Amino acid sequence: MPPAPCICLIDDDDDLRAALAQMLTIAGIAVQDFADAASALAMLTPDFDGAVLSDVRMPGMDGLQLFARLHDMDADLPVILLTGHGDVQMAVRALHAGAYDFLTKPVASDVLTAALRRALSSRRLVLENRRLRQAQTDAALAHPPLMGDSPAMQQLRDSLMRVADAQSDALITGPGGAGKSLVARAIHRQGPRRGRPFVTLDCATLTPDRIDATLLGQDGGPQARHARAPGLLEKANRGILCLDDVAALPQAAQTRLLKLIEAAEFWPAGAAAPRPLDLQIIATAETASQGDLHPGLYYRLSRAIVTVPPLSERMQDIPALFRHFLQSAADRLSRSVPPLTDLALAHLAAHRWPGNLRELQAFAEHHLLGLDQDAAHPVPARPPLAQMVATYEAALIRDTLRDCQGHATQAMEMLGLPRKTFYDKLSRHGIKPASYRDPS
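All residue numbers for the sequence shown refer to our numbering, where the first residue is 225 and numbers rise by one.
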C-alpha cells in the first residue's frame, strides 16, 4: 500500500514542534517535521500529497515567505499558518493571497486535527482531478495522429492544447490522410466542451438547396408523416461544429452560416422563437488559403491555424506508428504480429509516404497479410546501408528511452553503450531523453 498522506510541520520551537507532532500522530495523522522553512522547502514538490502546517514567525525564511514560495510552486497546495495573536492581520492577508487557513496559538487538538483533515481531503481531490485530467490527455494524445516525438508533433500537441483551452475557433490544415479530423476530435476531448456535442458537417455533400434544412432542421408539421428533424446548429449548440473540408462548402452556405454565428442566435425549424447559439467552430482544409472561403468566415477561422504535418516531416515517428497500426490490424484480424522483413524495413526508411497515415496503415495491413510486394504498395530499391543502419539505430534508442521513461542512465545500460557514445548518438539523431519522461 502507498504511504498515507502526511502533514509537513515547520516550527523552530523544538518543544512545541515535538508536542504537535505527538498530538497528530496519536490522532492518526502522519507527520514529517522540520525546524526551519528552507529544509521543508527542499523536500516539498508539486506532487506532494499532503498539507503544510507552518509557524509564521521563524528566523531566516518565515512562514509567510514559505507560503509565497509554495504558492508559486503549486497554488493548490494547502498551507495552514500557526499565528500568535499579534500576527492575525498578517495571516488574514495571507488567506486572501491563497493560504488554506490560519489558526491562532494555542490551538485545541480537535480544532487542529479537523482543519488538517479538511486540508488533506482537499489535497486528495486536487491530485485526483489532476490524475483524471492527465489520463484524459494521455488517452487523447495516444491516438496515432498525435503519437511521436518529432519536433513537428510536439508543436502540434502544444497548438491543439492551446486551442482547446481557449475554446477558440480554429482552422486545421494539412495534407490528405494526415489526420485532420482526428486532431479536431482531440481538441474536443481536451477542452471545456468535452462533455458537449461534437457534430461534423461533411461540407462536400451539402447542396445549395439543403442549406437551411441541414443547418436549422425540418418541421414535420401537424399533418406530416415524419417528426421534426433538428438541424446541425441545434445538435451542436454549446458544443463544437466541425466543418470537414470547409473549402467545399457552397458560398451561399458560408454566408448563411456566418450570419447565424455572428447573430449568436438561430431559429430552429418549427420553433416559436429564436434560441441563443453558442458554438466553437473547427474547420479542416488542406491549405489555409482564403481563396475558397467567405472573408468573414476565413478571418473567424484563422484566429487559430493548427497545421498537421505530413508523414515526410516526421519520419522518426514512423516505426512507432507502424507498430501501432500493425498491432491494431493483428488484433482486429485475430492474427499474430509477423517479424519485420528487410524489404519492409527498407520501405519504412526510404518511402516518403505521400498518402500519410492512411498509406502507412494500409502498408501495415499488407505486411500483416504477407503482401509487402503487392502492386498497390511496391517496395522501392533497398536504400544505402548507412541510411538503414542509422534509421534502425535511432528507432532502437527511442524505444529504449520510451521503455525507461526517459532515464538516460538506465537506457545506456540497457543498450550497453558508454556515456559519451550514448550522448553522441542522441545528438546525431536529435533525440532528447526529457521528451520521454512522464509529465505527471
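Each residue gets a CB set at the ideal place from its N, CA and C atoms; glycine is no exception.
The model shown is predicted, which means the values in this text are computed figures rather than measured ones.
DSSP, reduced to helix, strand and coil, places residue 407 within a helical segment of the structure shown. The Cβ neighbour count for residue 459, taken over all protein chains shown within 10 Å, is under 16; the residue is labelled exposed. Inter-segment contact for the region 316-335 and the region 293-306 is present: three or more beta-carbon pairs are separated by less than 8 Å. Distances from the CA of residue 585 to each of 542, 566, 619 were compared; the closest alpha carbon is that of 542. Listed as beta-bridge partners of residue 396 by DSSP are 508, 530. Scanning the region 237-324 for uninterrupted beta strand (DSSP E) segments of 3 residues or longer gives 254-258, 275-279, 303-307, listed from N- to C-terminal end. Around the beta-carbon of residue 622, 16 or more other beta-carbon atoms lie within 10 Å, marking it buried. Per DSSP, the unbroken beta strand (DSSP E) holding residue 424 starts and ends at 422-426.
Contact between the region 542-555 and the region 508-520 is absent: fewer than 3 CB-CB pairs across the two stretches fall below 8 Å. For residue 624, same chain residues with a beta-carbon under 7 Å away, outside a window of 5 residues either side, are 635, 638, 639 in chain order. Linking residue 288 to residue 330 through their CA atoms gives a straight-line distance of about 19 Å. The region 426-488 is shown to contain whole alpha helix (DSSP H) runs of 4 or more residues at 435-440, 456-460, 475-487, in chain order. Around the C-beta of residue 483, fewer than 16 other C-beta atoms lie within 10 Å, and the residue is accordingly described as exposed. If you draw a 10 Å sphere on the C-beta of residue 506, you find 16 or more other C-beta atoms in it, and that means buried. Residue 456 and residue 616 have their C-alpha atoms roughly 48 Å apart.
In the three-state reduction of the DSSP assignment, residue 655 falls in the coil class, being assigned neither a helical nor a strand state. Residue 468 is classed as buried because its beta carbon has at least 16 other beta carbons within 10 Å across all chains shown. For residue 380, the enclosing alpha helix (DSSP H) stretches over residues 375-390. Beta-bridge annotation (DSSP): residue 500 is paired with 489. Here the region 485-503 lies against the region 437-444, with 3 or more beta-carbon pairs under 8 Å apart. Judged by pairs of C-beta atoms under 8 Å, the region 263-270 does not touch the region 237-254, as fewer than three such pairs exist. Contact between residue 426 and residue 351 does not hold, since the beta-carbon distance rounds to 42 Å and is not under 8 Å. Under the three-state reduction of DSSP, residue 633 is assigned to helix. According to the DSSP secondary-structure assignment, residue 233 is paired through a beta bridge with 257, 277.
When DSSP states are grouped into helix, strand and coil, residue 328 belongs to the strand group.
The straight-line gap separating the alpha-carbon atoms of residue 462 and residue 419 is approximately 10 Å. Less than 7 Å divides the Cβ of residue 626 from the Cβ of residue 660.
In this structure, residue 592 places its C-beta atom within 7 Å of the C-beta atom of residue 553.
Between the region 396-406 and the region 527-534 there are three or more C-beta pairs closer than 8 Å, enough to call the two in contact. Between the beta-carbon of residue 247 and that of residue 333 there is about 5 Å, and that keeps the pair under the 8 Å contact cut.
Look at residue 565 here: in three-state DSSP terms it is coil, with no helix or strand label.
With respect to residue 528, residue 392 sits close: the two C-beta atoms are nearer than 7 Å.
Of the candidates 476, 481, 619, the residue whose Cα lies closest to the Cα of residue 569 is 619. Spanning the alpha carbons of residue 382 and residue 308 requires a straight line of approximately 47 Å. DSSP, reduced to helix, strand and coil, places residue 582 within a helical segment of the structure shown. Taking C-beta atoms as the reference points, residue 581 and residue 372 fail to come closer than 7 Å.
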